[in-house]
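In mature numbering (1 follows the signal peptide of the UniProt record, and there is no 0), the protein residues as written are -23 to -1, 1 to 412.
Ideal Cβ positions, reconstructed from N, Cα and C, are used throughout, including at glycine.
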């Protein structure tokens, strides 16, 4: 065999091994109210890692950091990451920069490359991605950016003195009736789902690493007048996702009834759509005024009680619809809401333990509560503990730019929290051995 043929065959073997490694990841499916990985039930303790594609980017990212963080999460048994496929605009204060889509229909190629690289690296570790395609909130542009692009005027940014949150709600709900906005978002969906990964050659719609397409982060009904437009828009997006990729799961990204004027029946009605494969709920004790740093002991207890009630109420809906349900977002601050990495995480750990134990018990009983994604994993991010502000060029942490950096983040140095995650993943994954 001559030298040329030897190297050519060696290169082909490397490509074949790489392809086999990616294709060996089992597709996640749903049957009788449970997730399945191959023929085994699938339950998980996962993380929110929304900024993954940003640090995976070749030019503006930090791939050394990404690899270290993926390896660390893999060592903790974390195999399910919820990731933002965005952002949009990037011109507002307190907003992710750079944006994946700085102008409507125009994409940052470096960030697309980052998304490819992230998914390829996750495939090597047999991890799964839940990719959400839009955002109800301004921190990544989302629906408000589409409105601005399509002639609805200045975004009512609630982080500026001249606008309130009600102004932002009034502005953003117009997305559901904005036909050019809806068409532009559908074009974004077609673009992303039509992509082929440049690192492993796999079409996104054929990549088992992508567990679920998620409509948006916390899409919601804002007012009584918004009910029918929202329902129509949600069904339209779900139909398109199902048409373009009938083999990948679809979820909405809802907070639970908190997304629907606190009405559990509306949540149930919207998720009865047979093309929506599983349910989601979120939980924010601090933001929902369950928890107060001024009375940590008592409000921690009440937060746990309210969390149990909220979860169980939504599990009943999952049972009625015979679909799995995931707590796909929840967070809890450090002691006294400190941003210091040295501050105690005892309260957080107690709250985390309760939710993780509920997933563990569900796994033992083949139950409907299928997993959770804590918010969020910040790994080796270097944050400013004094100001807590995020500025362009700073490290990304789990906390989005409009929030104090480190408030809800789980860092690589939070060893007690990481041990907790490893412990529960070991117990949960005893039912779903990696294939």
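- Query: Distance, Cα to Cα, residue 52 vs residue 238?
  - Reply: 40 Å
- Between the CA atoms of residue 245 and residue 298 - distance to the nearest angstrom: 8 Å
- Would you report the Cα separation of residue 226 and residue 71, rounded to the nearest angstrom? 32 Å
- Message: Could you check whether the region 334 to 352 touches the region 293 to 313, counting it as contact only if at least three pairs of C-beta atoms, one from each stretch, sit closer than 8 Å?
- Response: yes
- Query: Of the choices 353, 344, 388, 273, whose alpha-carbon is the least far from that of residue 360?
  - Reply: 388
- Message: Rounding to the nearest angstrom, what Cα-Cα distance links residue 381 and residue 16 in this structure?
- Response: 43 Å
- From what residue to what residue does the alpha helix (DSSP H) around residue 59 run? Element bounds for residue 59: not the alpha helix (DSSP H) but the beta strand (DSSP E), 57 to 61.
- Task: Grab the span of the alpha helix (DSSP H) containing residue 247 for me, first residue to last.
- Result: 241 to 248
- Counting along the chain, where does the alpha helix (DSSP H) carrying residue 149 start and finish? 142 to 149
- Please determine if the region 151 to 166 and the region 105 to 121 are in contact, where contact requires at least 3 C-beta pairs separated by less than 8 Å. yes
- Taking 8 Å as the threshold, find out whether the region 265 to 278 comes into contact with the region 152 to 162 through three or more Cβ pairs. no
- Indicate the three-state DSSP secondary structure (helix, strand or coil) for residue 94 in the structure shown. helix
- Spatial distance of residue 229 from residue 185 (CA atoms): 19 Å
- Query: By how many angstroms is the C-alpha of residue 208 removed from the C-alpha of residue 437?
  - Reply: Because the chain here runs from -23 to 412, residue 437 falls outside it and cannot be looked at.
- Message: So, with DSSP's three-state summary, where would you put residue 402?
- Response: helix
- Within 10 angstroms of its Cβ, does residue 396 collect 16 or more other Cβ (buried), or is it exposed? exposed
- Do residue 353 and residue 27 come within 8 Å of each other at the CB atom, strictly closer than that value? yes
- Buried/exposed call for residue 224, threshold 16 Cβ in 10 Å: exposed
- Query: Ordered along the chain, which non-local residues of its own chain (more than five positions away) have a Cβ less than 7 Å from that of residue 321?
  - Reply: 311, 312
- Applying the criterion that 16 or more other CB atoms from any shown protein chain within 10 Å of the CB defines a buried residue, is residue 14 buried or exposed? buried
- Using DSSP with H/G/I as helix, E/B as strand and the rest coil, what is residue 356? strand
- Item | Spatially closest choice to residue 284 from 294, 258, 274, by CA coordinates | 258
- Task: Flag residue 371 as yes if its beta-carbon sits less than 8 Å from any beta-carbon of chain D, otherwise no.
- Result: Absent from the structure: chain D. Only one protein chain is present.
- Are the CB atoms of residue 390 and residue 362 nearer to each other than 8 Å? no
- Please work out which residues of its chain come closer than 8 Å, Cβ to Cβ, to residue 35, disregarding the five sequence neighbours upstream and downstream, and give them in chain order. 87, 90, 91, 94
- Item | Spatial neighbours of residue 152 in its chain, beta-carbon cut-off 7 Å, leaving aside the 5 residues before and after | 120, 123, 124, 158
- Query: When you compare only the Cα positions, how much space is there between residue 180 and residue 233?
  - Reply: 32 Å
- Please confirm whether residue 23 and residue 48 have their CB atoms less than 8 Å apart. no
- Query: At which residues does the beta strand (DSSP E) containing residue 305 begin and terminate?
  - Reply: 302 to 307
- Task: Tell me where the beta strand (DSSP E) around residue 259 begins and ends.
- Result: 256 to 260
- Task: Going by CA-CA distance only, name the one from 63, 328, 333, 385 that's closest to residue 355.
- Result: 385
- Item | Same chain only: Cβ atoms within 8 Å of residue 240, ignoring 5 sequence neighbours per side | 234
- Once you ignore the five residues that flank residue 275 on each side, which residues in its own chain have a CB closer than 8 Å to its CB? none
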